[in-house]
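S.K.: Okay, handing you the structure first.
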Amino acid sequence: MLKAKQYKSGVKPIWCPGCGHYSVLNAITKAFAALEQPPEQAVLVSGIGCSSRLPAYVNSYGFHGVHGRALPLATGLKVARPDLNVIALGGDGDGFSIGGNHFLHACRRNVDLVYVVMDNEVYGMTKGQASPTTPEHWQHSKLTPHGPEVRPFQPCALALAAGAGFIARGHSGDPNGLAQMLFAAVKHPGFAFVQVLSQCVTFCPEQVQWKEQVHAESVCTDNPAEAAHFLHSDDGFAKGIFYCNPRTPWPQPHDSQATDLREGFRL
Amino acid sequence: MRNLTIAMTGSGGTGVVALGEMLLRAAAGSGYYGILRKTFGPQIRGGESAAVVRLGPRPLASFCGEIDLLLVLDWSHFQRFADEIPLSASTLIIEDTAAGVRPPQLASELLAREQGVQVLDFSGLAQAQGSAHSNIALLGYVAAWLGCDGEPLQSAIDHRLHKQGAEVVALAHNVARVGADLLQQAPINLQPPDVGTAAEAPWLASGNQLAGLGALEAGIRFVAAYPITPASDALEWMAGRIESLGGRLVQAEDELAAVNMAIGAGFGGVPAMTATSGPGLALMSEAMGLAVASETPLVVLDVMRGGPSTGIPTKSEQSDFNLAVYGLHGDAPRVVLASLSLADCHFSVAWATQLASERQTLVLVLSDQFLGQSMQVLPPLPALPFQAELSRASLPPPAGADYFRYLDTDSGISPMALPGQPGGEYTADGLEHSQSAVPSARAQDHEQQLAKRQRKLQSLVASVQWGEVSALPQARILILCWGSLFPVTLEAQQRLQERGTPVTVVGVRLLAPLPLESLLRSMQGMAQVLLVEQNHQAQFGHYLQSHLTQAQRAGLPELTCYSRPGPRLFTPQEIMQQVEGLPRA
Amino acid sequence: MTTALYEDELLFLAHSVTLEQEAAERLYELADTLEVHNNRPLHTLFLELAQLSERHASDVLAHCQGRQLPALQAWEYSWPDAESPESFQYSQVHYLMSAEQALQVALEVEQNTLGFYSDVARRTTQPSLRQLAEGFAREESEHVKAVQARLQALQCPALNNLDLDPPHSPE
Chain S
1 MLKAKQYKSG VKPIWCPGCG HYSVLNAITK AFAALEQPPE QAVLVSGIGC
51 SSRLPAYVNS YGFHGVHGRA LPLATGLKVA RPDLNVIALG GDGDGFSIGG
101 NHFLHACRRN VDLVYVVMDN EVYGMTKGQA SPTTPEHWQH SKLTPHGPEV
151 RPFQPCALAL AAGAGFIARG HSGDPNGLAQ MLFAAVKHPG FAFVQVLSQC
201 VTFCPEQVQW KEQVHAESVC TDNPAEAAHF LHSDDGFAKG IFYCNPRTPW
251 PQPHDSQATD LREGFRL
Chain C
1001 MRNLTIAMTG SGGTGVVALG EMLLRAAAGS GYYGILRKTF GPQIRGGESA
1051 AVVRLGPRPL ASFCGEIDLL LVLDWSHFQR FADEIPLSAS TLIIEDTAAG
1101 VRPPQLASEL LAREQGVQVL DFSGLAQAQG SAHSNIALLG YVAAWLGCDG
1151 EPLQSAIDHR LHKQGAEVVA LAHNVARVGA DLLQQAPINL QPPDVGTAAE
1201 APWLASGNQL AGLGALEAGI RFVAAYPITP ASDALEWMAG RIESLGGRLV
1251 QAEDELAAVN MAIGAGFGGV PAMTATSGPG LALMSEAMGL AVASETPLVV
1301 LDVMRGGPST GIPTKSEQSD FNLAVYGLHG DAPRVVLASL SLADCHFSVA
1351 WATQLASERQ TLVLVLSDQF LGQSMQVLPP LPALPFQAEL SRASLPPPAG
1401 ADYFRYLDTD SGISPMALPG QPGGEYTADG LEHSQSAVPS ARAQDHEQQL
1451 AKRQRKLQSL VASVQWGEVS ALPQARILIL CWGSLFPVTL EAQQRLQERG
1501 TPVTVVGVRL LAPLPLESLL RSMQGMAQVL LVEQNHQAQF GHYLQSHLTQ
1551 AQRAGLPELT CYSRPGPRLF TPQEIMQQVE GLPRA
Chain D
2001 MTTALYEDEL LFLAHSVTLE QEAAERLYEL ADTLEVHNNR PLHTLFLELA
2051 QLSERHASDV LAHCQGRQLP ALQAWEYSWP DAESPESFQY SQVHYLMSAE
2101 QALQVALEVE QNTLGFYSDV ARRTTQPSLR QLAEGFAREE SEHVKAVQAR
2151 LQALQCPALN NLDLDPPHSP E
């Protein structure tokens, strides 16, 4: 049985001091310890961005793929190797902008994997552009100097509409609570989505205030209408497991007889 | 050795394609070899369509550009097919009474012909039996002429219609029989093709199906699929069979997902592929580069169609060459193969599957709509020795040693750890990295890894499978082609030989890395080289020439490039004309 | 906080051990990140604090010799706040932070821990547990004094630590 810190690879993260992602890394290692996860059986799959650097910091297998494509990478891997514990992760730009289409279909497809989005409402790696979750009037990006002027997505509400069976939100200020959510997410049969409000100290220093704004809500309903109502009334700072409605993961085996591949060609 | 080409056309649900398929199957059942291609208008159903069937005593892998017999169930929009069903003065035309108005462009020409047009009442015959299927009456008629209206025809009808129920099948048999009977009163003024004697019962298959067979037999067990014309049927063929082998096919939400899913599976040690066409391949480029950089096995089948952009989706062309060979950003060496015939779709995809695992890289196979969607009667394919096998890491490493995923070796191939193996944990990366898989921006790591990824493919240029050479001892002219132009070029060779002009033909299967030595060796003793390819910009021609040093260029025979785009298929006559037009040495 | 913590000595010890170990681990992590971000003086400071914290952790462990402590999941602890009281929160550091700022946070976490132990000592009805908690609280007040002393010993005022270079985009 490994302790949480033994899941760290020893590679020192390059995240800015003050970054919320350190906390998520911490939570992942704690969840692995609680799961008694053999490191060689876990694979962390990421896209591109600050948070996507995470796989290198854990001593499991990992795949640092291209921007926005962590979910299909993870899906192919899990379908081909159902024996592995596959966790896809990345940021809000990676996951909801370029990766948006894959996010919708991953929620719908319900492969047994976990998707953790470290949401700091900005493109940190490329120096602070607005992302799909950036507030409408955030005017600190040179690319959108007047602010996005477009409403941000509500990722948890999106996940519910797209069919996800496990929806949770954590906060980087509470790695222990997050570890618990990740533990539950891994155990959940099927696709599990965890949004983490994970502050960007460099481009969004105001996010340090999130600590005052988050509030624990132990909703955890299995009723989609109830969850929908909650998520649409939510101020975006509720933290907890909101929706947990397991259904049979995909794919399931079909009855298939052994086939002679060449049969159909013979006259 | 007499071959014959029969075209049939119709529209609005006349079932011309079914006619062509049943005819080919019936003919195959009585000793004919043949090849079939289909062509359509843009409608999903009820549009104009045509089928072309070429029959003969020996395996036919190409079309010859001549139509001996045209069967017309309906003339509507026939002009759409003017390019691909070129009528000559000697084409015999048989028309149904319900065929409607002849195309104005053809009408006068047809009337002027000596033999005119034979009009027969297939619709009437069918209706008398209580059926609307004039195509089946026509089928019986032609089958009788070919001598396959007995068991082979019945078998072909059963095969095609059994899902419609016994009543439909029985009716079809009746209609076919009355069609067959018609032959006595209304003979076809044309000698049927020669029948062959097959050593074993032949197969009937399309190139896309054979590509799927090659993949599954060589060990592909994960397929990610996004539909695109003309690749969808390759994916569909595999979907029905892969699970029985313990594998899985996933339909992805787009090509970006499909290719990344295949890479995920490959990273997990499961041989994986996807299939697409030009537009999809373009979308996949970023991820294909990821497979190269992260050294993850990946097979991508590109069934080429008319380009650029949406292009001509239902027609064949060889215009994705540049994309396949050059189209990845950065220095990203990869293997590119081209299928040389329908049967070679099986061989090339099986070889690709083995190579992808063996070299831990991207292997692209270029097929095209002609190969993918034509059906051929062919001798049963032999089992192939290709199997996907990874160079495995011996794990865990000895005490005190680390595992280096991207270890620089002589061969360039590093042993690969698979998730699940203790001691091999690493993070695969598109970022440049050191041997230990740590991201690196250092010059020495970049140079080392670039050199390694190129080096690991270089030995392929010595493969015996680089291409096929059909050499004639007296030949002083060499025709060079790649991919699907190989069969029609062989036919041109045959005809040229009959005319007293022996030529050698080389079909290149391995496009990248380029087997330059083997190519140059094949050209020794030649006075002329004619390169033929089906694209507008002589893509392979430029690629080949870019590899030649000044000295090599000087020592080469004179090179002439004949490249023209789709949608028309190449004909043997066209190639022969190019040979005859070569400047005399 | 659950009342169990005030009454169950083994549970209390489990909390104390984790509290000290997490504090030390967190300080090592922060030392690493400040090294990666080339803040040498603060890297050294955090390393010192980490090593100190590690010694405290050994001291607490010594109190647990031969006793079977309950094994708790990370989220099963009863901390006053989200994290254990002696851990720096990740959000409290900055690559340009000064020694003074770091020591202020160190002071804060030591005072939180002192508060935690004092609270247990005050509320428990178990004499042996009270003794234990009071002992730990006394230790902690020494740590508080030590940090206060370091703060006072600081000679240089914090300079205006504005980084003139803009952020960089590594990928």
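Residue numbers (the numbering used here), protein chains in the order written: chain S, 1 to 267; chain C, 1001 to 1585; chain D, 2001 to 2171.
Don't be surprised by glycine CBs; every beta carbon is placed ideally from N, CA and C.
What residues from chain S crowd round Pro-2170 (chain D), counting only those whose CB sits closer than 8 angstroms?
M.R.: In the third sequence, counting from the first residue as 1, residue 2170 (chain D) sits at position 170. For Pro-2170 (chain D), the C-beta contacts it makes with chain S under 8 angstroms involve Ile-14, Met-125, in order along the chain.
S.K.: Would Ser-168 (chain S) and Ile-241 (chain S) be called neighbours here (beta carbons separated by less than 8 angstroms)?
M.R.: Along the first sequence, one-based indexing puts residue 168 (chain S) at 168. Along the first sequence, one-based indexing puts residue 241 (chain S) at 241. In the sequence under discussion, the amino acid at residue 168 (chain S) is Ala, which differs from the Ser named in the question. Contact: yes.
S.K.: Would a check of beta-carbon distances place Asp-174 (chain S) closer than 8 angstroms to chain D?
M.R.: The residue given as residue 174 (chain S) occupies position 174 in the first sequence. Yes, Asp-174 (chain S) lies at the interface with chain D (some Cβ there is under 8 angstroms from its Cβ).
S.K.: So which residues on chain D does Ile-48 (chain S) lean against when the C-beta distance must stay under 9 angstroms?
M.R.: Numbered from 1 along the first sequence, position 48 holds the residue referred to as residue 48 (chain S). Under the 9 angstroms cutoff, chain D gives Glu-2171.
S.K.: Using C-beta distances below 7 angstroms, list every residue in its chain close to His-1547 (chain C), excluding the 5 sequence neighbours before and after it, in chain order.
M.R.: Residue mapping note: residue 1547 (chain C) aligns to position 547 of the second sequence, counting from 1. If we look at His-1547 (chain C) and ignore the five residues flanking it on each side, its Cβ neighbours are Leu-1514, Leu-1516.
S.K.: So, is the C-beta of Tyr-61 (chain S) closer than 8 angstroms to a C-beta in chain C?
M.R.: Numbered from its first residue, the first sequence carries residue 61 (chain S) at position 61. Cβ-Cβ to chain C under 8 angstroms: yes for Tyr-61 (chain S).
S.K.: Is Ala-80 (chain S) close to chain D, meaning its C-beta is less than 8 angstroms from at least one C-beta of that chain?
M.R.: For the purposes of this step, residue 80 (chain S) is identified with residue 80 of the first sequence, where counting begins at 1. Not flagged as an interface residue toward chain D: Ala-80 (chain S), since no C-beta distance is shorter than 8 angstroms.
S.K.: Under 8 angstroms between the Cβ atoms of Glu-1432 (chain C) and Ala-1441 (chain C)?
M.R.: As a working mapping, residue 1432 (chain C) is identified with position 432 in the second sequence. As a working mapping, residue 1441 (chain C) is identified with position 441 in the second sequence. It is a contact, given that the beta carbons lie within the stated cut-off.
S.K.: May I ask which residues mark the beginning and end of the alpha helix (DSSP H) holding Leu-1290 (chain C)?
M.R.: As a working note, residue 1290 (chain C) is residue 290 in the second sequence. Taken as a continuous stretch (DSSP letters only), the alpha helix (DSSP H) holding Leu-1290 (chain C) covers 1278-1294.
S.K.: Can you check the region 1447-1485 of chain C for any beta strand (DSSP E) of at least 3 residues that lies completely inside it and give the ranges in chain order?
M.R.: Taken in chain order, the complete beta strand (DSSP E) segments of 3 residues or longer contained in the region 1447-1485 of chain C are 1467-1470, 1477-1482.
S.K.: Nearest to Pro-1313 (chain C) by alpha carbon, out of C:Arg-1334, C:Gly-1280, C:Glu-1468?
M.R.: The residue you call residue 1313 (chain C) lines up with position 313 of the second sequence. Considering only alpha carbons, the answer is C:Gly-1280.
S.K.: In angstroms, rounded to a whole number, what distance separates the CA positions of Leu-1390 (chain C) and Gly-1268 (chain C)?
M.R.: Here the question's residue 1390 (chain C) lines up with position 390 in the second sequence. Here the question's residue 1268 (chain C) lines up with position 268 in the second sequence. Roughly 11 angstroms separates the two Cα atoms.
S.K.: Listed from N- to C-terminal order along the chain, which residues in the region 197-209 of chain S have their beta-carbon within a distance smaller than 7 angstroms of any beta-carbon of chain D?
M.R.: Going along the region 197-209 of chain S in chain order, one finds Gln-199, Val-201, Thr-202, Val-208 with a Cβ nearer than 7 angstroms to chain D.
S.K.: Using the three-state DSSP reduction, which class does Val-1299 (chain C) fall into: helix, strand or coil?
M.R.: By 1-based counting over the second sequence, the position of residue 1299 (chain C) is 299. The answer is strand: DSSP assigns Val-1299 (chain C) an E or B state.
S.K.: On the three-state DSSP scale, how would you describe Met-1008 (chain C)?
M.R.: Mapped onto the second sequence, residue 1008 (chain C) falls at position 8. Met-1008 (chain C): strand per DSSP, three-state reduction.
S.K.: What are the boundary residues of the beta strand (DSSP E) that includes Leu-1366 (chain C)?
M.R.: The residue given as residue 1366 (chain C) occupies position 366 in the second sequence. Unbroken beta strand (DSSP E) run through Leu-1366 (chain C): 1362-1368.
S.K.: Does Val-150 (chain S) get closer than 8 angstroms to chain C when you measure Cβ to Cβ?
M.R.: Residue 150 (chain S) sits at position 150 when you count from the first residue of the first sequence. No, because no Cβ of chain C sits closer than 8 angstroms to the Cβ of Val-150 (chain S).
S.K.: Closest to Gly-1140 (chain C) by CA distance: which of C:Leu-1407, C:Val-1363, C:Gly-1020 is it?
M.R.: Within the second sequence, numbered from 1, the residue matching residue 1140 (chain C) stands at position 140. If we check each option's Cα against that of Gly-1140 (chain C), C:Gly-1020 comes out closest.
S.K.: Please confirm whether Ser-1049 (chain C) and Asp-1096 (chain C) have their CB atoms less than 8 angstroms apart.
M.R.: One-based indexing of the second sequence puts residue 1049 (chain C) at position 49. One-based indexing of the second sequence puts residue 1096 (chain C) at position 96. For Ser-1049 (chain C) and Asp-1096 (chain C), no; Cβs fall outside 8 angstroms.
S.K.: Helix, strand or coil for Cys-16 (chain S) per DSSP?
M.R.: Translated into positions along the first sequence, residue 16 (chain S) becomes position 16. Note: Cys-16 (chain S) maps to coil in three-state DSSP.
S.K.: Report buried or exposed for His-146 (chain S), applying the criterion of at least 16 other Cβ atoms within 10 angstroms of its Cβ.
M.R.: In the first sequence, counting from the first residue as 1, residue 146 (chain S) sits at position 146. Exposed, because fewer than 16 other Cβ atoms sit within 10 Å of the Cβ of His-146 (chain S).
S.K.: Which residues mark the beginning and the end of the alpha helix (DSSP H) in which Thr-29 (chain S) is found?
M.R.: Along the first sequence, read from residue 1 onward, the residue named residue 29 (chain S) stands at position 29. It spans 21-35 - the alpha helix (DSSP H) in which Thr-29 (chain S) sits, taken as one unbroken run.
S.K.: Output, in chain order, the set of chain D residues within a Cβ distance shorter than 7 angstroms of Lys-30 (chain S).
M.R.: The residue labelled residue 30 (chain S) in the question sits at position 30 within the first sequence. Those within 7 angstroms of Lys-30 (chain S) in chain D are Ala-2074.
S.K.: So, with DSSP's three-state summary, where would you put Trp-2079 (chain D)?
M.R.: Position 79 of the third sequence, counting from 1, holds the residue named residue 2079 (chain D). It is coil, neither helix nor strand.
S.K.: Rounding to the nearest angstrom, what Cα-Cα distance links Gln-1493 (chain C) and Glu-1425 (chain C) in this structure?
M.R.: Counted from its first residue, the second sequence places residue 1493 (chain C) at position 493. Counted from its first residue, the second sequence places residue 1425 (chain C) at position 425. Gln-1493 (chain C) and Glu-1425 (chain C): Cα-Cα distance of roughly 56 angstroms.
S.K.: If you check the beta carbons only, do Pro-1271 (chain C) and Thr-1353 (chain C) fall under 8 angstroms apart?
M.R.: Taking the second sequence and counting its residues from 1, one reaches residue 1271 (chain C) at position 271. Taking the second sequence and counting its residues from 1, one reaches residue 1353 (chain C) at position 353. Taking 8 angstroms as the Cβ cut-off, Pro-1271 (chain C) and Thr-1353 (chain C) qualify as a contacting pair.
S.K.: Counting only C-beta atoms, is Ser-2128 (chain D) closer than 8 angstroms to chain S at any point?
M.R.: Against the third sequence, residue 2128 (chain D) aligns to sequence position 128. No, because no Cβ of chain S sits closer than 8 angstroms to the Cβ of Ser-2128 (chain D).
S.K.: Rounded to the nearest angstrom, what separates Gly-1041 (chain C) and Gln-1184 (chain C) at their Cα positions?
M.R.: Looking up residue 1041 (chain C) in the second sequence gives position 41. Looking up residue 1184 (chain C) in the second sequence gives position 184. Using only the alpha carbons, I get a separation of about 35 angstroms.
S.K.: Report all residues from its chain with a CB closer than 6 angstroms to the CB of Ala-1224 (chain C); omit the five preceding and five following residues, and keep chain order.
M.R.: Taking the second sequence and counting its residues from 1, one reaches residue 1224 (chain C) at position 224. Closer than 6 angstroms at the Cβ level, and outside the excluded window around Ala-1224 (chain C), lie Val-1250, Ala-1252, Ala-1258, Met-1261, Ala-1262, Thr-1274.
S.K.: Let me make sure I understand the geometry here. Which of D:Gln-2068, D:Leu-2154, D:Ser-2058 has the alpha-carbon closest to that of Phe-2136 (chain D)?
M.R.: Here residue 2136 (chain D) corresponds to residue number 136 of the third sequence, with the count starting at 1. With distances taken between Cα atoms, Phe-2136 (chain D) lies closest to D:Ser-2058.
S.K.: Run through the region 1036-1123 of chain C for me and flag every whole beta strand (DSSP E) of 3 or more residues, listed as ranges in chain order.
M.R.: 1049-1056, 1069-1072, 1092-1096, 1118-1120
S.K.: Between the region 1320-1337 of chain C and chain S, which residues of the former have a C-beta closer than 7 angstroms to a C-beta of the latter?
M.R.: none
S.K.: Please classify Pro-1439 (chain C): does DSSP put it in a helix, a strand, or coil?
M.R.: Position 439 of the second sequence holds residue 1439 (chain C). Three-state result, Pro-1439 (chain C): strand.
S.K.: Please list the residues of the region 2020-2033 of chain D that have a C-beta atom closer than 8 angstroms to any C-beta atom in chain S, keeping them in chain order.
M.R.: Listed by position, the residues of the region 2020-2033 of chain D near chain S (Cβ gap below 8 angstroms) are Glu-2025, Glu-2029, Leu-2030, Asp-2032, Thr-2033.
S.K.: Assess, as a yes-or-no matter, whether the region 193-205 of chain S is touched by the region 155-164 of chain S under the definition of 3 or more beta carbon pairs within less than 8 angstroms.
M.R.: yes
S.K.: Give me the residue from S:Val-11, S:Pro-205, S:Pro-246 with the minimum Cα distance to Gly-124 (chain S).
M.R.: For this step, residue 124 (chain S) is matched to residue 124 along the first sequence. The shortest C-alpha separation from Gly-124 (chain S) is found at S:Pro-205.
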